[in-house]
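Numbering (this note's numbering), first residue to last: 249 to 563.
Where a beta carbon is used, it is the ideal one built from N, C-alpha and C, also for glycine.
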């Protein structure tokens with residue numbers, strides 16, 4: 249069996265190290281930096297010939313820099329005769345541009361990135377909670393899209409929730425919310441119907457479901473500016489919700505996210521470590537982070553040993 253080796257770019261060094269610790273191994277020796285003009289510089293400083301290589305790198309902000317680090321690392325490893333290269337991308341950037349809405353003259357950037365990764369020699373992709381599962385079909389190589397929900401659910405079950413109800417922040421998140429509600433002791437579910445006049449701006453219009461006197465658990469795949477989340481929490485409290493907890497896998501926290509969350513009526517925001525948090529976000533006592541290192545380590549182990557990934561999520 250080929251030797252398994254882990255490498256990491258500069259996007260998520262803490263998560264990469266946690267994954268390595270879980271697998272009782274060290275991160276590979278690679279120098280990933282910049283030339284004086286800002287171009288990505290990569291040098292692999294150990295033998296990888298024939299190895300089963302995993303590169304851990306989210307394509308979060310700065311998105312283009314992190315993406316280029318990933319593809320240049322892949323090329324360096326491929327030219328060093330690596331056996332198989334798996335791109336472990338906990339947060340897959342550009343995933344929200346996955347279709348042309350009403351034939352608008354816009355790119356399908358998720359497909360562009362998929363082609364980019366395939367073209368440099370990625371043999372397999374491991375990612376977490378793709379914004380749209382159909383993005384897996386944009387790749388010509390196998391894609392394992394694992395879920396952060398078991399980690400989030402475990403935390404929910406440890407809370408002393410009073411008469412909980414799971415809330416989807418929009419119609420598109422109903423499937424995710426329904427799955428969480430079923431596993432959370434088959435609790436009730438509510439849906440927020442909102443209208444979005446332009447990007448990153450949303451207006452809560454109507455809540456479908458009775459939330460009065462209940463602990464509301466908002467679930468989503470990501471939190472960007474937090475505008476949607478905070479308005480949803482406000483609407484829930486206006487309709488009598490007792491407490492509002494927000495759970496999401498990917499903490500993007502861009503734009504006015506810090507102020508939005510700080511000034512919101514949300515009781516707590518719980519996210520995973522697919523994206524590093526800024527110092528400002530870490531300073532908010534409302535925000536707490538869970539690690540996906542154990543789940544990612546197990547997925548990497550299974551891929552390396554040619555074992556089933558889907559078996560991890562069978563109940």
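Residue from the options with nearest C-alpha to residue i
i	options	result
residue 518	469, 544, 554 and 489	469
residue 298	314, 282, 325 and 321	325
residue 317	490, 559, 521 and 256	256
residue 287	544, 497 and 313	313
residue 560	333, 397 and 370	397
residue 304	522, 529 and 476	522
residue 461	413, 479 and 508	413
residue 484	498, 474 and 458	458
residue 311	533, 339 and 296	339
residue 543	268, 475 and 261	268
residue 503	335, 526 and 378	526
residue 266	362, 539 and 308	539
residue 406	422, 274, 253 and 433	433
residue 335	487, 514, 466 and 361	361
residue 436	466, 442, 408 and 420	466
residue 250	350, 319, 329 and 309	329
residue 307	261, 494 and 441	261
residue 421	554, 438 and 553	438
residue 273	423, 252, 291 and 524	252
residue 337	320, 315 and 532	315
Residues bridged to residue i [DSSP beta-bridge criterion]
i	result
residue 469	None, per the DSSP bridge assignment.
residue 379	Partner(s): none; residue 379 has no beta bridge.
residue 537	519
residue 252	300
residue 416	439
residue 330	297
residue 493	465 and 516
residue 337	375
residue 282	288
residue 393	375
residue 355	Answer is none; residue 355 lacks a bridge partner.
residue 275	254
residue 398	DSSP output for residue 398 lists no bridge partner at all.
residue 499	471
residue 456	439
Cβ-Cβ distance between residue i and residue j below 9 Å
i	j	result
residue 463	residue 501	no
residue 565	residue 410	Past the edges of the chain, shown from 249 to 563, lies residue 565, and the structure says nothing about it.
residue 380	residue 427	no
residue 498	residue 376	yes
residue 333	residue 370	yes
residue 302	residue 254	yes
residue 547	residue 392	yes
residue 383	residue 418	no
residue 514	residue 530	no
residue 516	residue 489	no
residue 520	residue 496	yes
residue 374	residue 354	no
7 Å CB neighbourhood of residue i in its chain, flanking five on each side removed
i	result
residue 217	In the structure displayed, the chain extends from 249 to 563; residue 217 sits before or after that span and is not available.
residue 528	506
residue 390	372
residue 331	250, 298, 299 and 300
residue 258	280 and 317
residue 276	253, 254, 255 and 294
Close beta carbons around residue i, own chain, < 6 Å, minus the five adjacent residues each side
i	result
residue 271	545
residue 478	508 and 512
residue 359	386
residue 474	505, 508 and 509
residue 357	342 and 345
residue 415	438, 464 and 466
residue 425	414, 416, 437 and 467
residue 429	414, 435 and 437
Same chain, Cβ closer than 8 Å to residue i, neighbours up to 5 away in sequence not counted
i	result
residue 598	Here the chain comprises residues numbered 249 to 563, so residue 598 is not present and cannot be evaluated.
residue 322	303, 333, 335, 365, 368, 369 and 370
residue 403	495, 518 and 538
is_contact[residue i, chain D] using C-beta, thresh 9 Å
i	result
residue 289	The question asks about chain D, but that chain is absent: this structure has only one protein chain.
Meets three-Cβ-pair contact criterion under 8 Å: the region 397-408 and the region 362-369: no
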